[in-house]
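Chemist: Numbering (this note's numbering), first residue to last: 497 to 821. All C-beta atoms in this analysis are idealised placements derived from N, C-alpha and C, irrespective of residue type, glycine included.
(1) Alpha carbon to alpha carbon, how far is residue 734 from residue 709? Give it in angstroms, no decimals.
(2) Quick one: residues in its chain with C-beta nearer than 6 Å to the C-beta of residue 693, no 5 flanking neighbours on either side, listed in chain order?
(3) Is residue 510 helix, strand or coil when you go by DSSP?
(4) Just to confirm, are residue 727 and residue 672 a CB contact at a threshold of 7 Å?
(5) Give a yes or no on contact between the region 744 to 762 and the region 596 to 607, applying the rule of three or more CB pairs nearer than 8 Å.
(6) The beta strand (DSSP E) spanning residue 542 covers which residue range?
(7) So, does the region 521 to 540 touch the region 576 to 588, judging by three or more C-beta pairs under 8 Å?
(8) Taking Cβ to Cβ, would you say residue 613 is nearer than 7 Å to residue 760?
(9) Just to confirm the assignment: which complete beta strand (DSSP E) runs, minimum length 3, are found wholly within the region 584 to 610?
(10) Is the Cβ-Cβ distance between residue 663 and residue 766 less than 7 Å?
(11) Go ahead and pull the three-state DSSP assignment for residue 552.
(12) Spatial neighbours of residue 586 within its chain, please: CB distance less than 6 Å, with the 5 preceding and 5 following residues excluded, ordered by chain position.
(13) Is the beta carbon of residue 630 less than 7 Å from the beta carbon of residue 643?
(14) Could you have a look at residue 498 and say whether DSSP puts it in helix, strand or coil?
(15) Quick test of your reading: residue 547 and residue 582, contact by CB under 8 Å. State the CB separation rounded to the nearest angstrom.
(16) Around the Cβ of residue 691, are there at least 16 other Cβ atoms within 10 angstroms (buried) or fewer (exposed)?
(17) Going by DSSP, which residues form a beta bridge with residue 685?
Here's what the structure looks like:
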């Protein structure tokens with residue numbers, strides 16, 4: 497059986513086991529890419545060397561075409577997603593296709609060199625909020641320059657503040673319904689998907705008064721939508737997807753003159769600000785929805801480095817030149 501034929505059964509199995517739609521689409525893409533590179537061979541003819549050649553190609557030769565226009569090489573985390581998808585496929589194929597052996601078992605996990613975390617600065621957030629609120633300045637020949645309020649200003653401002661105030665993942669924000677947000681208490685119920693792709697128990701996070709006010713205005717202008725309706729809608733009334741939110745943020749960043757604006761930078765910013773303002777790592781772990789502390793520790797290290805640098809700048813002994821000469 498060829499990869500493209502087996503793929504249908506594999507994806508059906510994932511749906512039956514309750515995997516997240518995003519995970520299923522990711523694995524569909526992974527298998528389509530693998531089939532395209534190997535010319536859709538019989539699954540039982542695939543060897544370890546074929547898979548190794550494929551990953552060399554992904555790392556060194558493949559030039560992705562993204563909607564954002566970015567054609568930079570695949571990141572280590574993306575390569576690891578390909579690895580996970582291929583491993584899941586062959587684990588399924590052993591039982592369903594009665595494979596005698598798994599060529600993927602000795603396929604090494606690609607290295608992931610984490611990118612340097614760069615949280616957003618206060619002035620960058622303010623610039624993004626202006627970009628969410630106003631159009632770019634028009635300069636007509638016969639009158640003064642002017643801007644106009646954007647038709648999606650309330651929604652786009654709400655997206656920025658929700659991401660900043662809660663640290664939620666973009667997929668978690670896209671899945672929220674109106675009923676998930678309590679505008680009286682500021683409590684927000686976040687329903688994530690676990691590492692396996694299965695839906696997990698929701699967690700509670702909170703938003704501040706500024707975010708509550710902007711979100712209330714957005715929902716009020718929608719005519720007080722029903723509780724089960726999606727929290728975020730496109731201009732055409734469709735639920736906003738993870739990708740549409742990503743593209744929106746990239747566009748706002750471009751108009752605001754802020755480089756590299758993406759959802760996870762808001763998550764980084766929330767985490768570091770939480771720790772800078774006396775939050776503890778255990779509470780941060782719960783708020784971010786991490787299963788262990790390892791991922792949270794990187795934020796703690798950054799916050800502690802900030803404290804050390806601040807002390808160096810503020811040290812009275814150094815500033816007053818109190819050391820003996």
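Modeler: Put simply:
(1) In the chain shown, the residue the question calls residue 709 occupies position 213. In the chain shown, the residue the question calls residue 734 occupies position 238. Per the coordinates, the alpha-carbon of residue 709 lies some 23 Å from the alpha-carbon of residue 734.
(2) Position 197 of the chain shown holds residue 693. Residue placement at residue 693 cannot be trusted, given a pLDDT of 48 that sits under 50; the coordinates are not used to answer.
(3) If you number the chain shown from 1, residue 510 lands on position 14. Assignment of residue 510 by DSSP, reduced to helix, strand and coil, places it in the helix class.
(4) Looking up residue 727 in the chain shown gives position 231. Looking up residue 672 in the chain shown gives position 176. Taking 7 Å as the Cβ cut-off, residue 727 and residue 672 qualify as a contacting pair.
(5) No contact exists between the region 744 to 762 and the region 596 to 607.
(6) Indexing the chain shown from 1 puts residue 542 at position 46. Premise fails: residue 542 is in no beta strand (DSSP E) and is neither H nor E.
(7) The answer is yes - the region 576 to 588 touches the region 521 to 540, with three or more Cβ pairs under 8 Å.
(8) Within the chain shown, numbered from 1, the residue matching residue 613 stands at position 117. Within the chain shown, numbered from 1, the residue matching residue 760 stands at position 264. No, the Cβ-Cβ distance between residue 613 and residue 760 is not below 7 Å.
(9) The region 584 to 610 contains no whole beta strand (DSSP E) run of 3 or more residues.
(10) Here residue 663 refers to the residue found at position 167 when the chain shown is read from its first residue. Here residue 766 refers to the residue found at position 270 when the chain shown is read from its first residue. Taking a C-beta distance under 7 Å as the contact criterion, residue 663 and residue 766 qualify as a contact pair.
(11) Residue numbering aside, residue 552 sits at position 56 when the chain shown is read from its first letter. DSSP places residue 552 in helix when its eight states are reduced to three.
(12) For this step, residue 586 is matched to residue 90 along the chain shown. Setting aside the 5 residues that flank it on each side, residue 586 is surrounded in the same chain by 598, 600, each with a C-beta closer than 6 Å to its C-beta; the list follows chain order.
(13) Position 134 of the chain shown, counted from the start, is the residue given in the question as residue 630. Position 147 of the chain shown, counted from the start, is the residue given in the question as residue 643. Closer than 7 Å, so yes.
(14) Stepping through the chain shown from its first residue, residue 498 is reached at position 2. Taken through DSSP and simplified to helix, strand or coil, residue 498 comes out as strand.
(15) Translated into the one-based positions of the chain shown, residue 547 becomes position 51. Translated into the one-based positions of the chain shown, residue 582 becomes position 86. Correct: roughly 7 Å between the Cβ atoms.
(16) One-based indexing of the chain shown puts residue 691 at position 195. Since pLDDT at residue 691 reaches only 45, below the 50 mark, its modelled position is unreliable, and the value read off the structure follows with that caveat. It counts as exposed.
(17) For the purposes of this step, residue 685 is taken as the residue at position 189 of the chain shown. For residue 685, the pairing in a beta bridge is given by DSSP as 700.
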